[in-house]
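Colleague: Got a structure for you, written out below as structure tokens; questions coming shortly.
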Amino acid sequence: MGAAFPGWGASTVAMMANWGTIMFVVFVFPMSWATQRYSLRAGVVASAALIFVGTSLRCFTRTVPTFTILCHVCAVLVGVASTFVLSAPPLVASHWFPPQERTTALALMFGASQLSGVGSYLEPLLVRLPTPHASILDIQEDVMLVLYIGAGVSGALLVAVIIYFPSKPPTPPSFTSATARLEFFTSFSALAKNGRWLVLVVTYGVVVGPSIAWGSVLNYSLLPLGLHQDEAMWVAQTAMIVSSISPVVSGRFTDLFHGHVRTSLVLLLLATTFCYFWFLLLTYGVIPLTKWQVYASVVGGTAFNYATIPLFYEMGVDLAYPAPEILVSGAITAADNLISIFFFLVFFIPNVGYQWMTYTLVFSTSVSILPLLLIRFRYTRSTIDAQQV
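Note that this note's numbering gives residue 324 to position 324 of the sequence shown, counting from 1, and the numbers run on in steps of one.
What follows is the structure, encoded as structure tokens:
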């Protein structure tokens, strides 16, 4: 981007991603209240409309600084929409799926969200690098083509949800899905006093926040290893694809073998820590650098990390029941967004380099294992549903 649009450095790229995390933290609770007040369908349509506007405005011009300003505005709008998109899966899973499919459904939605990010790493196939045969104007045209595609897909999705997206199924899939939830502000107070839930939320943010943020700037960690844009794209693509499958595997395992959520989380965190530490050793040349080890450590760490997400949400909703799922999941997601904000802000420190990112990944996953071992966990919703069968 810096070659085609003056002023686009690493801090600008990081800020585009950071707007999403900032807007999530600011708007997640108003969005949760509005969704509980006006229905699931209203939230879906509103978020789809914001995404369409947020992907369309930046297509109007390529002139700097207007283009840069519009990109910031669009990042803000898409960030506001993300408050619903990232918080709704537990609500959808609870309202539409029976207990033995709930975590699997949740995992499929998170996996699909991760898979959608694959497109962002295909950009090097469409956007040329600066060469004697590719002028600044050529690169700008390539970038605009990518933006046009995004706007077109967003428009099609908006039309689809307007035409058909019901608020609830014809019949409730379980007893707890039909049970009235606590009033919004009452739930707020209850969650603030729920110590076990608060520990889980903080643990989730520390585990997942840095990994998600790192995925947006992965190329900066790979460049010192000699992996440039094209090769970095394939590492990121592979990580995205595998980490869109791993949550589904962990979620399905949880549904099939009920009662092992915490054990599964601890094992996944141990595997994540191992992979990130492996990548750290490669970064410092402690072990000989080979391409397959870079792929294995990055893909493995990302996949194991993402596999924890549906389990954290399932555990969090159970600990908070009968608080509304949209509020609980919104607060959980806000935790990783808040950590991501601090992660991205480090890029604004002069000459900070990029090695700190790998240290952060190793530390965040390893230190989070102990709190999970200390949380007393009960399967509240599942127990109630089983008693009503």
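Ideal Cβ positions, reconstructed from N, Cα and C, are used throughout, including at glycine.
#1: Hey, L115 and I241: beta-carbon distance below 8 Å or not?
#2: Can you find a CB in chain B that lies within less than 8 Å of the CB of G353?
#3: Sorted by chain position, which residues of the same chain lie with C-beta nearer than 7 Å to V118's C-beta, five sequence neighbours on each side aside?
#4: For the structure I just gave you, are there three or more beta carbon pairs, one from the segment 102-109 and one from the segment 79-92, closer than 8 Å?
#5: Would you kindly work out how many angstroms separate the C-alpha atoms of V13 and V159, rounded to a whole number?
#6: Comparing alpha-carbon positions, which option in G226, D138 and S246 lies nearest Y284?
#7: With DSSP run on the structure shown, which of helix, strand or coil describes T290?
#8: In this structure, does DSSP put A88 in helix, strand or coil?
#9: So E183 is in the alpha helix (DSSP H); what residue range does that whole segment cover?
#10: Where does T254 sit, in a helix, a strand or coil, going by DSSP?
#11: On a CA-only basis, which of R102, F29 and M23 is nearest F253? Give me that one, please.
#12: Which partner residues of A134 appear in the DSSP bridge assignment?
#13: So, do the segment 166-182 and the segment 313-328 have three or more beta carbon pairs nearer to each other than 8 Å?
#14: Grab the span of the alpha helix (DSSP H) containing S368 for me, first residue to last.
#15: Under the assumption that S246 contacts C275 (Cβ atoms under 8 Å), give the Cβ distance between them as a whole number of angstroms.
#16: Quick one, are the C-beta atoms of L57 and S167 less than 8 Å apart?
#17: Using a Cβ-Cβ cut-off of 6 Å (strictly less than) and excluding sequence neighbours within five positions of T176, which residues of its own chain qualify?
#18: So A320 packs on L191, CB below 8 Å; how close in whole Å?
#19: Comparing alpha-carbon positions, which option in I22, F84 and G9 lies nearest Q36?
#20: So which of V76, N194, F97 and V127 has the shortest CA-CA distance to A331?
#21: What would DSSP say about R262, mapped onto helix, strand or coil?
#22: For S82, count the other beta carbons within 10 Å of its own beta carbon; 16 or more makes it buried, fewer makes it exposed. Which is it?
#23: Do L372 and V206 have their C-beta atoms closer together than 8 Å?
#24: Less than 8 Å between the beta carbons of I341 and V25, yes or no?
#25: Kindly list the residues whose CB is nearer than 8 Å to the CB of V294, restricted to its own chain and excluding five residues on each side of it in sequence; keep chain order.
#26: By the 10 Å Cβ neighbour count, where 16 or more other Cβ atoms means buried, how is D230 classified, buried or exposed?
Modeller: For this structure:
#1: For L115 and I241, yes; Cβs fall inside 8 Å.
#2: Although the question refers to chain B, the structure presented lacks it and comprises just one protein chain.
#3: Residues of the same chain with a CB within less than 7 Å of the CB of V118, apart from the 5 flanking positions on each side, are Q237, M240 and I241 in chain order.
#4: Taking 8 Å as the limit for Cβ pairs, the verdict is that the segment 79-92 does touch the segment 102-109.
#5: Counting only the Cα atoms, V159 lies some 30 Å from V13.
#6: When each option's Cα is compared against that of Y284, the closest is G226.
#7: In the structure shown, T290 adopts coil according to DSSP, grouped into three states.
#8: Residue state, collapsed to three classes: coil.
#9: No alpha helix (DSSP H) contains E183, which DSSP labels as neither H nor E.
#10: DSSP places T254 in helix when its eight states are reduced to three.
#11: Nearest neighbour of F253 by Cα position, chosen from R102, F29 and M23, turns out to be R102.
#12: Per DSSP, T131.
#13: The segment 166-182 makes contact with the segment 313-328: 3 or more CB pairs, one atom from each, lie closer than 8 Å.
#14: Careful: S368 lies outside any alpha helix (DSSP H) and carries neither H nor E.
#15: About 12 Å separates the two Cβ atoms, so there is no contact after all.
#16: Contact: no.
#17: Counting only Cβ-Cβ distances below 6 Å, and skipping sequence neighbours, we find R381, I384 and D385.
#18: At roughly 6 Å, the Cβ-Cβ gap stays under 8 Å, so A320 and L191 are in contact.
#19: When only C-alpha atoms are compared, the closest one is F84.
#20: Nearest option by C-alpha distance: N194.
#21: Note: R262 maps to helix in three-state DSSP.
#22: Label assigned to S82: buried.
#23: Cβ atoms of L372 and V206: not closer than 8 Å.
#24: Note that the C-beta distance between I341 and V25 is below 8 Å.
#25: Hits under 8 Å: L222, L225, L227, V235, F279 and L282.
#26: Classification of D230: exposed, given that the 10 Å Cβ count is below 16.
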